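Numbering (full-length UniProt numbering), first residue to last: 1 to 123.
For every residue, glycine included, the Cβ atom is placed at its ideal position computed from N, Cα and C.
As the structure is a prediction and not an experimental result, all values here were calculated from the model.
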């Protein structure tokens with residue numbers, strides 16, 4: 001009887017854990033270094049990024065996915081797509097307020113910054 005209960009409990013735990021994605025790996029030293037200095041182009045977009053995004057997406061201390069940290073962005077893109085990430089930017093998500101910290105960013109600006117942050121860096 002006890003073995004049956006144990007087996008049932010174990011099966012329930014396994015089933016409950018299915019479908020939950022693993023947390024992305026902690027950023028590597030190279031990812032942290034890249035995120036701290038990376039900038040999108042053109043200069044006008046870089047200015048928006050520096051003013052509104054770099055504080056969180058350029059520092060591992062924030063807990064936000066870093067610019068260029070593909071291991072953190074890929075699951076988000078797979079789950080929500082580019083439009084979903086734009087919606088998260090507009091509505092806010094977790095610690096990010098609605099509109100990030102960029103109230104004057106248009107959708108095109110936000111899409112380009114998201115694309116910059118979520119792609120493999122050129123080193």
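Classify residue 33 as buried or exposed, calling it buried when 16 or more other Cβ atoms lie within 10 Å of its own Cβ.
Sequence index remark: in the chain shown, residue 33 carries index 33 (1-based). Counting Cβ neighbours within 10 Å, residue 33 comes out exposed, since fewer than 16 surround it.
Pair within 8 Å by beta-carbon distance, residue 31 and residue 58:
Taking the first residue of the chain shown as 1, we reach residue 31 at position 31. Taking the first residue of the chain shown as 1, we reach residue 58 at position 58. Contact: no.
Taking the beta carbon of residue 26 as the centre, do at least 16 other beta carbons fall within 10 Å, making it buried, or is it exposed?
Along the chain shown, read from residue 1 onward, the residue named residue 26 stands at position 26. It counts as exposed.
Going by DSSP, name the residue or residues bridged to residue 93.
If you number the chain shown from 1, residue 93 lands on position 93. In DSSP, residue 93 forms a bridge with 96.
Buried or exposed (CB count within 10 angstroms, at least 16 for buried), residue 92:
By 1-based counting over the chain shown, the position of residue 92 is 92. Classification of residue 92: exposed, given that the 10 Å Cβ count is below 16.
Would DSSP call residue 105 helix, strand or coil?
Within the chain shown, residue 105 is the residue found at index 105, counting from 1. Coil.
At a Cβ threshold of 8 Å, is residue 76 touching chain D?
No chain D is part of this structure, which consists of one protein chain only.
Rounding to the nearest angstrom, what Cα-Cα distance links residue 72 and residue 65 in this structure?
For the purposes of this step, residue 72 is identified with residue 72 of the chain shown, where counting begins at 1. For the purposes of this step, residue 65 is identified with residue 65 of the chain shown, where counting begins at 1. So the two alpha carbons sit approximately 6 Å from each other.
Residue 41 - DSSP class collapsed to helix/strand/coil
In the chain shown, the residue the question calls residue 41 occupies position 41. DSSP places residue 41 in coil when its eight states are reduced to three.
Is residue 39 near residue 29, with beta carbons less than 8 Å apart?
Reading the chain shown from its first residue, position 39 is the one you call residue 39. Reading the chain shown from its first residue, position 29 is the one you call residue 29. Cβ atoms of residue 39 and residue 29: not closer than 8 Å.
What does the Cβ neighbour count give for residue 106, buried or exposed, with the cut at 16 atoms within 10 Å?
Counted from its first residue, the chain shown places residue 106 at position 106. When all chains shown are included, residue 106 counts as exposed.
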